Amino acid sequence: MAYSEKVMDHYENPRNVGTFDNDDDSVGTGMVGAPACGDVMRLQIKVSDDGVIEDACFKTYGCGSAIASSSLVTEWVKGKTLDEAAELKNSEIAEELALPPVKIHCSVLAEDAIKAAVTDLKNKRGE
Amino acid sequence: MELSGKNHFELFGLPVQFDIDLRSIGDRYLDLQRATHPDQFVAGTDQEQHLAVQQAAQVNDAYQTLKSPLKRAQYLLELNGTPLDDTDTQMDMMFLMQQMEMREALANVPDAEDPFSALDRIRGELKSDLDKITQAAAEQLSGDGDISSARESVKKMQFLFKVQQELDEMEQSLAEQL
């Protein structure tokens, strides 16, 4: 399958690949899996005391679209508040990356990952 | 031959359950293939030929589904009216973390001092995980089993099969570099 230029760009130069220390109270971790294709995605956010995402990173084992979706999300959420980040829609990711219908589930995975990371951080802070 | 309306298990004369005799399906496949082969109907009407093509496809589909433990398990969930939902991304956290570690280990194989023994170690771990989860799925998919646990097990099988596929690809590419 032909990937769009934007997917190829994120695939070849993924942004923010890495790990934050999960024991850090300012770090939220979202871990999700795509049952259809067996992809695994970990997305982490570092959040300031007033609830702004200062940094984000990811590690994804999966196809180019899954890697691009998570890479894009780490770029997008930086500077956003937790609530803004949790409102991110998979359709925005799919549109930006011009994902074909069979790859929409990759954008769903990235949306679920950021939501899970936000929830994790809120749980840590007892919110 | 009347095939329509039969599910894959019935087509192969098997009880609808996960544990099946893999050798017998090979024999039955050959019989069915012969009986439905479109060449048998070259002298038949258009309608007969068309039906033969459809039946041959059905036989193939059934065979591919039954012989693969993963596809067989997915199919049993479908027959039960509880197919896996591909948009459900929430899973057992421990399992996902183990998956992440296994993929990381696999990605590091080419840099290992002895890549083939590193690969064998992962293969051993994978096989033991897969055996365990497949056995659990077989029990959960049986008549008095727990379908919601079965769905979780089959989901895990999908991830493990994906690792297996990547492991095989890695082994092949390592072998080509020798």
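Taken in order, these protein sequences are the chains called B and X.
Following numbering that gives the first Met the number 0, the numbering of the first sequence begins with 0 at its first residue and continues without gaps.
Following numbering that gives the first Met the number 0, the numbering of the second sequence begins with 0 at its first residue and continues without gaps.
Ideal placement from N, C-alpha and C gives every residue a C-beta, glycine not left out.
As the structure is a prediction and not an experimental result, all values here were calculated from the model.
Cβ separation of residue 66 of chain B and residue 116 of chain B, assumed to be a contact under 8 Å, to the nearest whole Å
Here residue 66 of chain B is taken as the residue at index 67 of the first sequence, counted from 1. Here residue 116 of chain B is taken as the residue at index 117 of the first sequence, counted from 1. Going by Cβ atoms, the distance from residue 66 of chain B to residue 116 of chain B rounds to 17 Å, so no, they are not a contact pair.
Which full runs of the alpha helix (DSSP H) of 4+ residues lie inside the stretch 63-124 of chain B, going along the chain?
63-76, 81-85, 89-96, 103-123
Buried or exposed for residue 5 of chain X, please, with buried defined as at least 16 other CB atoms from any protein chain shown within 10 angstroms of its CB.
For this step, residue 5 of chain X is matched to residue 6 along the second sequence. Under this definition residue 5 of chain X is an exposed residue.
Would you mind sorting residue 131 of chain X into buried or exposed? The rule is 16 or more other CB atoms within 10 Å of its CB.
Sequence index remark: in the second sequence, residue 131 of chain X carries index 132 (1-based). Per the 10 Å Cβ criterion, exposed.
Can we say the stretch 106-113 of chain X touches the stretch 33-42 of chain B, given the rule of at least three CB pairs closer than 8 Å?
no
Runs of 4 residues minimum, wholly inside the stretch 86-155 of chain X: which ones carry the alpha helix (DSSP H) assignment?
92-107, 114-139
Applying a beta-carbon distance threshold of less than 8 Å, which residues of chain B neighbour residue 85 of chain X?
The sequence position of residue 85 of chain X within the second sequence is 86, counting from 1. Residues of chain B passing the Cβ test: 33, 34, 35, 104.
Shortest alpha-carbon distance to residue 29 of chain X belongs to which of X/159, X/44, X/83, X/11?
Position 30 of the second sequence, counted from the start, is the residue given in the question as residue 29 of chain X. With distances taken between Cα atoms, residue 29 of chain X lies closest to X/11.
Are the stretch 92-100 of chain B and the stretch 51-60 of chain B touching, with three or more C-beta to C-beta distances below 8 Å?
no
Going by alpha carbons, who is nearest to residue 120 of chain B out of B/2, B/52, B/91, B/101?
For this step, residue 120 of chain B is matched to residue 121 along the first sequence. Among B/2, B/52, B/91, B/101, the Cα nearest to that of residue 120 of chain B is on B/52.
Which residues in chain X sit within 8 Å of residue 39 of chain B, going by Cβ to Cβ distance?
By 1-based counting over the first sequence, the position of residue 39 of chain B is 40. Chain X residues near residue 39 of chain B: 95, 98, 99, 102, 158.
Taking Cβ-Cβ distances below 7 Å as the criterion, which residues of the stretch 83-113 of chain B are in contact with chain X?
104, 107, 108, 111
Taking a cut of 8 Å between CB atoms, which residues from the stretch 46-79 of chain B lie near chain X?
58, 60
Let me make sure I understand the geometry here. Which of X/73, X/46, X/49, X/47 has the alpha-carbon closest to that of residue 136 of chain X?
Within the second sequence, the letter at position 137 stands for residue 136 of chain X. Residue X/73 is the option with its Cα nearest to residue 136 of chain X.
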